[in-house]
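For the sequence shown, position 491 matches number 478 in our numbering, and the numbering has no gaps at all. Just so you know, even glycine gets a beta-carbon here, dropped at the ideal spot from N, CA and C. Okay, so here's the structure we're looking at.
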Amino acid sequence: MKPRSIRIILFAFLCLFGSILYAQETDVLYTKKGEEYVGRLIEISENRVVFQHGIEGRMEFDLSDVQRVELGKSRTGDAWRTVGDIKDETLLNALAIAPPDSAYPHSGYLTLYQEATYRLHEDGSVRITKRKIQKVFKERGKRVANNALYYMSDNSNAQIDFGRTVTAEGDVIPISDAAIQDGSVFSQYPDYQNLNKKHSALKKVKEGSVIDYQTTMVVERTDFLHPFLVDVSFSDREPILRKTLKVIVPKGVECAYQMRRFGTDEPSSVEETGDGSLQYTWTLEHTPEMIAENFMPETEDLWPRVAFAPKAQWADLSRKYAGILEEHLKGSPSLKEKAAEIVKGVKNKTEAARALYTYMVKQIRTIPVPYNLYSLIPKDIVQTYQKKYGNNLDKSLLFLGLLREAGITANLCLIVPQSEGALMEEVPSLGHFSDCLVRIAAEDTLLYAGVLDETIAFGALDADYQNVRGLIIDQAHPELVTTPLLDAEGEAKRRSVEVVISADGTFIVRDHTRYTGQSAAQVRTLKVMRADELKKIFQEAVGRIHPNAELLSYQVSDLDDLSAPVEITTEYRIRDYALQAGKSLMVFQLPDLEYSAYEVGKATRIHPLDWSHRTLETNQYTLALPEGFDVYHLPGDVHYNTPLITYQARFE
-12 MKPRSIRIIL
-2 FAFLCLFGSI
8 LYAQETDVLY
18 TKKGEEYVGR
28 LIEISENRVV
38 FQHGIEGRME
48 FDLSDVQRVE
58 LGKSRTGDAW
68 RTVGDIKDET
78 LLNALAIAPP
88 DSAYPHSGYL
98 TLYQEATYRL
108 HEDGSVRITK
118 RKIQKVFKER
128 GKRVANNALY
138 YMSDNSNAQI
148 DFGRTVTAEG
158 DVIPISDAAI
168 QDGSVFSQYP
178 DYQNLNKKHS
188 ALKKVKEGSV
198 IDYQTTMVVE
208 RTDFLHPFLV
218 DVSFSDREPI
228 LRKTLKVIVP
238 KGVECAYQMR
248 RFGTDEPSSV
258 EETGDGSLQY
268 TWTLEHTPEM
278 IAENFMPETE
288 DLWPRVAFAP
298 KAQWADLSRK
308 YAGILEEHLK
318 GSPSLKEKAA
328 EIVKGVKNKT
338 EAARALYTYM
348 VKQIRTIPVP
358 YNLYSLIPKD
368 IVQTYQKKYG
378 NNLDKSLLFL
388 GLLREAGITA
398 NLCLIVPQSE
408 GALMEEVPSL
418 GHFSDCLVRI
428 AAEDTLLYAG
438 VLDETIAFGA
448 LDADYQNVRG
458 LIIDQAHPEL
468 VTTPLLDAEG
478 EAKRRSVEVV
488 ISADGTFIVR
498 DHTRYTGQSA
508 AQVRTLKVMR
518 ADELKKIFQE
528 AVGRIHPNAE
538 LLSYQVSDLD
548 DLSAPVEITT
558 EYRIRDYALQ
568 AGKSLMVFQL
578 PDLEYSAYEV
588 GKATRIHPLD
598 WSHRTLETNQ
608 YTLALPEGFD
618 VYHLPGDVHY
628 NTPLITYQAR
638 FE
């Protein structure tokens, strides 16, 4: 039977019981002409459909012209049409205190009210309800209309309790089911498909509008591998009038919490609820907007912040997780053979670890789904080895297994990258971590390695992984550690430039640059370029030095070789580069030598300067002058030394 016939029979069946009346406020009617109307279905009869649309009013359609009608979910407040209909005191209070945009001339929007409630039940389930009421001031503030609710599909479900726009004219427009989409975030990676996103968009959000939005997520269980952890920041890029966090736990559950930048070490209140649970409450009012600056600390390290979890000890968490990992570290004969093949002929454990590292970053593909967005439970290392791909946890575990097969002592180290803010150490929980490294003991030296990026050499670390706290997973010697902040020499860009100057002011320049660390990793990304593309890049780079510059030659070291620094040599000519005054005077600047003040170019700052890692940049110029010329230079020797930056120049 054709779909059209099914619809006709269904409508005929319904009509046996007379006309059907509905009270939904977010229904969607689709016509066969492709038209779409959001409103309320009034009636379906034998040959017509009656629909209430906000703009058009009451509309009637021939049944044969209607493609389908989707009945929306009824939500609290869907029947409200104007401010006068609103029955919610929280929303009414927020509307009453909402200031004009002139009170916040630099803000895109203002959060009038925000509340998050985390309730832990005795069976380990958690109910999380979040509500926000925000007023839009400027065009950029209209982004509050778009919202995303993330949840783990294997252990939780989520819903939008309500969403509405209150326009400046006083109309109330509820969210439509048609404006809600639900799906997997990582559908392109079937083996790592767990995180879902419920995305929604509110209608008619413009300057002067107020949005009211609430969601609820239910986590079915919490345990060691599905930790209950609350970690909330209390500021935003835009100002907040009032923000409240409530955490409710069964009485008798021992908990730990940590507060930063509140001016106190105690919650706003701790009180017993009607069912005997304990409710911890934190509230901040009149929080100013966070103004972004270049090279500022992470916002999580500047805003007031609370972490809360059931009480635990780092050592116990490490030992227990180490026991779980052992089940997934079981190798196989083929894995043992592969490890032996990779390290065959190496001189020591460091070189063996380097060889295994190179195999991991080059032969095992990285799936960009961090374990905190998938699962703390890894896949067996044999499975990862066979499939030749894995996420950060699975690749690290396979690397750990290969190291063990080669007789090298190593441990997994769970970390919080710099970009996520400092670890809240007083609240032990595996839920803090999102990334991992492998710590290797070789020749009385501890080395840290991440195995995600094929452009980073062994011994180097991504800047985001340097100088951060991590948990060593080990049953015998668990510990919290700080990852290395690598020496500037390991993060260097060293240039040696030879310049031959002709009497007519033409310069022949040979530039040899040596890169290590992060700078080398950036250059290694060029390895995917074709020869013609690479040549074009160098031609454009030389062209930016001077309009008269022309590329003569270039040479790039093996970008696929992680055992050596990256080296690039370019040679170019600049005709008429020097400004000549007669035959006895030339004036010029050293070609392609400049230091930007971008990092420190503001006269005043709100936030301190902050860099993720150390760097070193040196430029050594050697000049070959025409016969009869000497050098006179400005300025003289320079030496500036600050706690953050050192700059010096010497002329010989």
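Legend entry - Three-way DSSP call (helix, strand, coil) for residue 238 in this model: Within the sequence shown, residue 238 is the residue found at index 251, counting from 1. If DSSP states are grouped into helix, strand and coil, residue 238 belongs with coil.
Inset, instruction - Can you tell me which of 199, 130, 261 puts its alpha carbon nearest to the alpha carbon of residue 160? - result: Start at 1 with the first residue of the sequence shown, and residue 160 comes out as number 173. Ranking the options by Cα distance to residue 160, first place goes to 199.
Legend entry - For residue 335, the three-state DSSP class (helix, strand or coil): Counting from one through the sequence shown, the residue named residue 335 turns up at place 348. Of the three classes helix, strand and coil, the one that applies to residue 335 here is coil, per DSSP.
Legend entry - Unbroken alpha helix (DSSP H) run spanning residue 525, endpoints: In the sequence shown, the residue the question calls residue 525 occupies position 538. Its alpha helix (DSSP H) spans residues 518 to 532.
Inset, instruction - Output the boundary residues of the beta strand (DSSP E) element that contains residue 591. - result: Against the sequence shown, residue 591 aligns to sequence position 604. Run containing residue 591: none; DSSP gives neither H nor E here.
Legend entry - Supposed close pair residue 111, residue 208 - CB separation, criterion 8 Å: For the purposes of this step, residue 111 is taken as residue 124 along the sequence shown, with counting starting at 1. For the purposes of this step, residue 208 is taken as residue 221 along the sequence shown, with counting starting at 1. Confirmed, Cβ separation roughly 5 Å.
Legend entry - Local conformation of residue 348 per DSSP, three classes: For the purposes of this step, residue 348 is taken as the residue at position 361 of the sequence shown. The answer is helix: DSSP assigns residue 348 an H, G or I state.
Inset, instruction - Could you check the C-alpha separation between residue 190 and residue 391 for me, to the nearest Å? - result: Position 203 of the sequence shown holds residue 190. Position 404 of the sequence shown holds residue 391. Near 57 Å, if we compare the C-alpha coordinates of residue 391 and residue 190.
Inset, instruction - Report the rounded CA-to-CA distance for residue 537 versus residue 501, giving the unit in angstroms. - result: Taking the sequence shown and counting its residues from 1, one reaches residue 537 at position 550. Taking the sequence shown and counting its residues from 1, one reaches residue 501 at position 514. Those two C-alpha atoms are separated by around 22 Å.
Inset, instruction - Could you say if the stretch 483 to 493 and the stretch 541 to 554 meet the contact criterion of at least three C-beta pairs nearer than 8 Å? - result: no
Inset, instruction - Could you have a look at residue 371 and say whether DSSP puts it in helix, strand or coil? - result: Counting from one through the sequence shown, the residue named residue 371 turns up at place 384. Helix at residue 371.
Inset, instruction - Identify whether residue 305 lies in helix, strand or coil by the three-state DSSP scheme. - result: Position 318 of the sequence shown holds residue 305. Looking at residue 305 - three-state DSSP - the assignment turns out to be helix.
Inset, instruction - Buried or exposed for residue -1, please, with buried defined as at least 16 other CB atoms from any protein chain shown within 10 angstroms of its CB. - result: Taking the first residue of the sequence shown as position 1, residue -1 is located at position 12. Summary for residue -1: the model assigns pLDDT 35, below 50, so the residue's position carries little reliability; its value from the coordinates is reported in the next sentence. So residue -1 ends up on the exposed side.
Inset, instruction - Within its chain, find whatever has a CB closer than 6 Å to the CB of residue 138; leave out the 5 residues flanking it on each side and keep chain order. - result: What you label residue 138 is simply residue 151 of the sequence shown in a count that begins at 1. So the list reads 145, 183, 204, once near-sequence residues are dropped.
Inset, instruction - Pull up the CB-CB distance for residue 73 and residue 100, whole angstroms please, since I reckon it's below 8 Å. - result: One-based indexing of the sequence shown puts residue 73 at position 86. One-based indexing of the sequence shown puts residue 100 at position 113. No, residue 73 and residue 100 are not in contact; Cβ-Cβ is about 14 Å, not under 8 Å.
Legend entry - Which of helix, strand or coil DSSP assigns to residue 639: Stepping through the sequence shown from its first residue, residue 639 is reached at position 652. In the structure shown, residue 639 sits in coil (DSSP, three-state: anything other than H, G, I, E or B).
Legend entry - Nearest residue (CA-CA) to residue 639, options 620, 632, 626: In the sequence shown, counting from the first residue as 1, residue 639 sits at position 652. Nearest option by C-alpha distance: 620.
Legend entry - For residue 259, the nearest candidate out of 267, 596, 334 (CA to CA): In the sequence shown, the residue the question calls residue 259 occupies position 272. Residue 259 has its Cα closest to that of 267, out of 267, 596, 334.
Legend entry - Contacts around residue 603, its chain only, beta-carbon distance under 7 Å, and the 5 residues preceding and following it disregarded: Your numbering for residue 603 matches position 616 in the sequence shown. These residues qualify, in order along the chain: 475, 476, 478, 479.
Inset, instruction - Within 10 angstroms of the Cβ of residue 352, are there 16 or more other Cβ atoms? Answer buried if so, exposed if not. - result: Position 365 of the sequence shown, counted from the first residue, corresponds to residue 352. Exposed, since its Cβ has fewer than 16 Cβ neighbours within 10 Å.
Legend entry - Whole-angstrom C-beta distance between residue 600 and residue 672, which should lie under 8 Å: Any property of residue 672 remains undetermined from this structure, which presents the chain solely from -12 to 639.
Inset, instruction - Determine, using beta carbons only, whether residue 285 and residue 407 come nearer to each other than 9 Å. - result: For this step, residue 285 is matched to residue 298 along the sequence shown. For this step, residue 407 is matched to residue 420 along the sequence shown. Yes. Within cutoff.
Inset, instruction - Flag this pair as touching only if the stretch 321 to 330 and the stretch 425 to 436 have three or more C-beta atom pairs under 8 Å; answer yes or no. - result: no
Inset, instruction - Could you name the residues of the same chain whose beta carbon sits closer than 8 Å to that of residue 248, not counting the 5 residues immediately before and after it, in chain order? - result: As a first step, residue 248 is located in the sequence shown; it is residue number 261 there, counting from the start. Within the same chain, residue 248 has close Cβ partners 289, 290, 291, 292.
Legend entry - residue 323 - containing beta strand (DSSP E), residue span: For the purposes of this step, residue 323 is identified with residue 336 of the sequence shown, where counting begins at 1. Segment 320 to 330 is the alpha helix (DSSP H) holding residue 323; no beta strand (DSSP E) there.
Inset, instruction - Please confirm whether residue 244 and residue 299 have their CB atoms less than 9 Å apart. - result: What you label residue 244 is simply residue 257 of the sequence shown in a count that begins at 1. What you label residue 299 is simply residue 312 of the sequence shown in a count that begins at 1. In this structure, residue 299 does not lie closer than 9 Å to residue 244 by Cβ.
Legend entry - Chain-order list of residues whose beta-carbon lies under 6 Å from that of residue 481 (same chain, five-residue window excluded): Translated into positions along the sequence shown, residue 481 becomes position 494. Around residue 481: 501, 605.
Inset, instruction - Identify, in the order they occur along the chain, each residue of the same chain with its Cβ nearer than 6 Å to the Cβ of residue 227, setting aside the five sequence neighbours on each side. - result: Taking the first residue of the sequence shown as position 1, residue 227 is located at position 240. Excluding positions up to five away in sequence, the list reads 98, 274.
Legend entry - residue 179 to residue 354 span [Cα, whole Å]: Position 192 of the sequence shown, counted from the start, is the residue given in the question as residue 179. Position 367 of the sequence shown, counted from the start, is the residue given in the question as residue 354. Cα to Cα, the separation comes out at about 8 Å.
Legend entry - For residue 222, the nearest candidate out of 347, 271, 140, 592 (CA to CA): Mapped onto the sequence shown, residue 222 falls at position 235. Closest by alpha carbon: 271.
Inset, instruction - May I ask you to report which of helix, strand or coil DSSP gives residue 640? - result: With the chain covering -12 to 639 only, the question about residue 640 has no answer from this structure.
Inset, instruction - Please list, in chain order, all residues of the same chain as residue 257 whose beta carbon is under 8 Å from its beta carbon, the five residues on each side excluded. - result: By 1-based counting over the sequence shown, the position of residue 257 is 270. If we look at residue 257 and ignore the five residues flanking it on each side, its Cβ neighbours are 265, 266, 267, 268.
Inset, instruction - Taking the CB atoms as reference points, tell me whether residue 461 and residue 437 lie closer together than 9 Å. - result: Locating residue 461 in the sequence shown gives position 474, counting from the first residue. Locating residue 437 in the sequence shown gives position 450, counting from the first residue. Taking 9 Å as the Cβ cut-off, residue 461 and residue 437 do not qualify as a contacting pair.
Inset, instruction - Check whether the stretch 559 to 566 touches the stretch 524 to 537, taking contact to mean three or more Cβ pairs, one atom from each stretch, closer than 8 Å. - result: yes
Legend entry - Residue span of the beta strand (DSSP E) that contains residue 266, given as start and end: Locating residue 266 in the sequence shown gives position 279, counting from the first residue. Segment 265 to 274, the beta strand (DSSP E) holding residue 266.
Inset, instruction - Could you tell me the boundaries of the beta strand (DSSP E) in which residue 115 lies? - result: Your numbering for residue 115 matches position 128 in the sequence shown. Per DSSP, residue 115 belongs to the beta strand (DSSP E) from 113 to 123.
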